[in-house]
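**Q** The structure that follows is given in the form of structure tokens.
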Amino acid sequence: MHLGAEPRPPNGADEIAADTADPGVPYGLFRCPLDGGSLRPSPDSERLDCEFGRHDFPIQAGLPRLFVANDWTDARRDVTDIVKAFYEETPFPNYDGLDTRDSLRTKAGESIFGRLLDQQISHSAKILEIGCGTGQMTNFLGMGWGRTAVGADLCLNSLRLAKGFRDRFSINNAHFVQANLFRPPFPPASFDVVISNGVLHHTGDCAAAFRSIAGLVKPGGLLAVGLYNWLGRLPTLWLRGLIERFGRGAMAFDHRLRGRGDDVRREAWYMDQYRHPHETRHSMGQLLGWFQDLGFEFTASIPTIGDAESIEDVALFEPRPAGSQLTRLASEIEMLITGGRDGGLFVMIGRKRP
């Protein structure tokens with residue numbers, strides 16, 4: 001699926017006129033998503049050419065466009081087009097109010113997950129964020145010296161916002177590419193850390209999406225996946241029903257949508273949580289099973305399983321027991337009782353066995 005004419009960047013994003021290769025991008029990390037060949041900038045730097053000479057990919061707004069459509073022939077519902085159209089219209093999360101490196105660092109630090117990642121990922125790591133959206137996490141992690149952080153997403157508008165912020169504040173270790181996670185433009189086992197937070201449940205086949213991105217992790221590397229929980233998501237779905245029935249006045253029940261200021265940010269949250277065209281919900285046990293089936297050892301979850309320790313003290317990358325079915329259920333019930341913070345999202349992390 002190639003996009004043709006592109007809409008202008010929303011929300012006051014800088015227009016990036018350059019349609020040429022950026023010499024600072026680590027093109028050695030990219031591969032042709034059709035045949036796996038290495039990619040190199042063309043002589044005029046306007047596209048990336050596959051080494052086998054059969055395919056080339058444009059560079060638009062300074063971004064490599066390596067998206068290739070799914071070729072599913074089975075009964076799965078491919079929702080890529082409708083999800084892509086949704087986020088092209090409403091990029092998430094929005095950069096409203098983020099006008100410096102420090103403001104991004106402050107916002108990311110408010111997230112326990114983001115803060116712990118930054119503290120515990122090494123400064124020599126190659127990091128891939130799948131479904132990076134507007135790239136705030138990729139830019140945040142890319143501010144760490146020595147790292148290489150790559151953000152991949154299917155939406156060009158979101159990526160324009162990501163690269164615009166990256167360029168304005170010279171976050172030279174962050175890079176962005178348009179890609180389809182089911183046909184990733186990267187070699188197998190090429191990243192130390194792969195992150196996909198709040199993304200896979202918006203695909204037509206969450207389990208297949210997990211298998212696809214798990215293959216990009218190096219042996220000994222780390223995979224962090226965030227999904228909507230089958231119980232923790234219920235409060236948001238109940239409120240979604242109220243909004244659909246009674247209108248936006250019911251938004252007052254969501255603390256993120258109350259008050260004044262940051263209208264653009266609140267609108268982005270509202271659209272992502274209450275108007276999204278497709279999502280699925282999953283249990284901790286289901287995601288743990290996917291990790292185990294593909295040779296990953298459980299290291300951590302947010303929220304923690306069974307309240308074994310304070311979340312502030314969690315070592316994200318150290319192996320630990322995954323709890324019993326009962327303790328995992330207790331954690332999920334707590335997510336339900338506390339109102340499904342962050343939309344009922346939970347994160348699980350695993351280390352790939354050699």
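Per my numbering, numbering through the sequence shown is continuous, rising by one, with the last residue being 354.
Glycine residues also receive a C-beta, built at the ideal position from the N, C-alpha and C atoms.
Going straight from the alpha carbon of aspartate 74 to that of glycine 204, what length do you get?
**A** Taking the straight line from one Cα to the other gives about 12 Å.
**Q** Within its chain, find whatever has a CB closer than 7 Å to the CB of leucine 34; leave out the 5 residues flanking it on each side and keep chain order.
**A** Cβ neighbours of leucine 34 beyond the five flanking positions: His55, Val68.
**Q** In chain order, what residues of the same chain lie with their CB nearer than 8 Å to the CB of glycine 28, ignoring the 5 residues before and after it?
**A** Excluding residues within five positions, the ones whose Cβ falls inside 8 Å are Ser38.
**Q** Which of the three DSSP states is assigned to methionine 271 in this structure?
**A** In the structure shown, methionine 271 sits in a helix (DSSP, three-state: H, G or I).
**Q** Going by DSSP, what residues sit across from leucine 364 in a beta bridge?
**A** Any question about residue 364 goes unanswered here, given that the chain covers just 1 to 354.
**Q** Taking DSSP's pairing of strands, which residues face histidine 175 in a bridge?
**A** Its beta-bridge partners are Val150.
**Q** With a threshold of 8 Å, are at least 3 pairs of Cβ atoms found where one atom belongs to the region 328-343 and the other to the region 277-285?
**A** Yes, they touch.
**Q** Compare the C-alpha of phenylalanine 191 against each of Arg275, Pro319, Lys126, Lys163 and name the closest.
**A** It is Lys126.
**Q** In chain order, what are the residue ranges of uninterrupted alpha helix (DSSP H) at least 4 long that sit wholly in the region 163-218?
**A** DSSP runs (the alpha helix (DSSP H)) wholly in the region 163-218: 206-214.
**Q** What distance in whole Å lies between the Cβ atoms of glycine 339 and proline 235, which are believed to be in contact at a cut-off of 8 Å?
**A** That pair is a contact at about 5 Å.
**Q** Can you tell me which residues form a DSSP beta bridge with aspartate 56?
**A** Asp49, per the DSSP bridge assignment.
**Q** I need the DSSP call for arginine 76, collapsed to helix, strand or coil.
**A** Three-state DSSP puts arginine 76 in coil, outside helix and strand.
**Q** So glycine 350 is in the beta strand (DSSP E); what residue range does that whole segment cover?
**A** It spans 345-352 - the beta strand (DSSP E) in which glycine 350 sits, taken as one unbroken run.
**Q** Leucine 222 and valine 193: beta carbons closer than 7 Å?
**A** Yes, the pair counts as a contact, with Cβ atoms nearer than the cut-off.
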